[in-house]
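Count the sequence shown with my numbering and you get residues 929 to 1340, in order. Backbone N, C-alpha and C define an ideal beta-carbon position, used for all residues, glycine too. Keep in mind it's a predicted model, so treat the numbers as computed, not measured. Structure, as C-alpha cells:
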Amino acid sequence: MKKLPLILLLVAVVGFLLGMLHLFKLRFEAGDSFPQYSSFRTDPIGTKALYESLDSLVATRRNLQPLSKLVDGRDTTLLWLGAPPYSLRLLPEEFRDLETFARSGGRLVIAAEAVFVKPRTNLFALAAARKGAPIGGGPTNLPPNIPEEFRKVDIRQQWDLSFDFVDLAKNEKGSYDPAPATLLDPSESPTIPATIDMHTTLCFSGLGSEWRVLYARKEGTNSHPVLIEKTLGRGSIVLFADSFHFSNEALREDRQPALLSWLVGTERSVVFDETHLGTTEQPGVATLARRYRLQPLAGALLLLAMLFLWRNATSFMPPYEEQLAREQGDVVEGRDSASAFVNLLRRNISRASLLRVCLEQWNAALAGLRKPPRAKLEAMQRLIDEQNALEPRDRNPVGAYREFCRILKRKA
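Dropping the structure here:
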C-alpha cells in the first residue's frame, strides 16, 4: 500500500506530460503561431492547403534557409507570399540571389500582403528625398560610411517600378468589397480567367519596358496593373499585388485553379519561402534529431531516466518484509557496519582472551593521558588471571567487567 501514492504520482505526471504534448500538437497543427500566409498555417489566412495540394502533384518543399542556399532554379517555382509592400527591401546580394535563381531557369512569384487603406504621405521622407535620400521610404538616419553592400535596396528601385493605391469600396457592414481586375489580352493567355477579384488597394505603376501587364483594375479611363511579369534569363519574375488567391480561405470560397496553375507554371518543383516571414531554421541537435527521426530514441532515454529515478527513490522490497526475514533468520548478518564489526570480533577474539584484549586496548587508548593508579591496574590484572584459571564454562566475562567498573570507581 505504501507504493500506491508513488504510482498515483507517476501516473499524474505522465498524464500531465501527455496533455501538454497534445496541446502543443493542436497549437502547431493550427499553425496560428506562424505569420500570415505561412504554409504552416491551416486557418483562413494560411497557405497550407495550397502547399498540400501541390505536394500531391509535384515535388514541394519549404525554404527555411538563407536565399544564398537557393542556387540553381532550373524547373523550380519560388513562391514569396504575403510580403508587406514596404518590407520588400533586400540587400544587394539577396537581390542577386533571386535574380540568379530566375536566370538559371526558375520562376519567382512575389505576392504582396493586402493593403486596405492607402498609406499616408510621409512628409519627412519627401523632404529627405529632395536631399538625395532614396525615394519610397526606408531608414534615412544610417551612418554615411556604411558600405553599399550593407544598404538595403527597395524593390521599386531594383526592378524599375512604383506602387500606386486605388481605394476599395465599403459595403453596409463596414468591410471592404473586392474590386474586379480584368485580363488585358485574353488571346495571349486563354487558359486563365477573364476577371479576378482583388482584395487590396495596391497597384503597380511606372513600369519599365520589360514588364508585361496581365491583369489591371480599370477606374474610368485609368488602368492600374495588379499582375505583371517579366522574363529574366531562362526564367521569369511575377509580381502580384494580392496574396489572397493563395490562401486557404480563397481555396474554399473563391477558388481560381487556372490562375494558380499559371502562377505556379510548368516547373517540376515548388518552393514556399518562409524566410521573408521570419521563419528560419537554426541548425542544432534538435534539428538533426527531427531530420533523422530520433524522437523514439529520445522517448526511450526519457523513460530510462524516469525508471532510474524511481529505482533510486524507493526500494522494490517493502521494509516490513525485510524486517520479517531478519527476525526469521533468513537474512545474513553483517549487512551494516555495526554487524560487521561484531562478527569480526567473534571470529578473531576467543572467549578466554576477551578480557585481556579489552584491558590492552583500554591502556592503549589512555596513552599520553592520566592513567589510573598502579594498584587499580594490578587489581584488574589479578581479576583477569583468576578468570583465566577457571574452566571456560565457569568464566563470567560480564561479571568481571562489572568488577572492573567497581575497581575504577573505588577511591584510592
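Asked                                                                                                    : Found
For residue 1327, the first and last residue of its enclosing alpha helix (DSSP H)                       : 1325 to 1337
Under 7 Å between C-beta atoms of residue 1029 and residue 998                                           : yes
Backbone CA spacing between residue 1177 and residue 1120 [nearest angstrom]                             : 20 Å
Beta-carbon proximity of residue 1199 to residue 1031, cut-off 7 Å                                       : no
Candidates 967, 1043, 1134, 1302, of which the one nearest residue 1170 by Cα                            : 1043
Element boundaries [alpha helix (DSSP H), containing residue 1192]                                       : 1185 to 1192
Environment of residue 1315 [buried if 16+ CB atoms lie within 10 Å]                                     : buried
Where the alpha helix (DSSP H) through residue 1099 begins and ends                                      : Looking at the DSSP string, residue 1099 is not in any alpha helix (DSSP H), and its letter there is neither H nor E.
Start-to-end residues for the beta strand (DSSP E) that takes in residue 1425                            : Given a span of 929 to 1340 for the chain in the structure shown, any question on residue 1425 remains unanswerable.
Beta-bridge pairing of residue 1143 - partner residues as DSSP gives them                                : 1111, 1155
Among 1082, 1336, 1091, nearest to residue 1309 - alpha-carbon criterion                                 : 1336
Sub-7 Å separation of residue 1156 and residue 1139 beta-carbons                                         : yes
Given 8 Å, three or more beta-carbon pairs between the segment 1142 to 1162 and the segment 1209 to 1223 : no
DSSP state of residue 1168 mapped onto helix, strand, coil                                               : strand
Host alpha helix (DSSP H) of residue 1028 (start-end)                                                    : 1020 to 1031
Helix, strand or coil at residue 1014 according to DSSP, with G and I counted as helix                   : helix
Closest Cα partner of residue 1116 within the set 1180, 1190, 1094                                       : 1190
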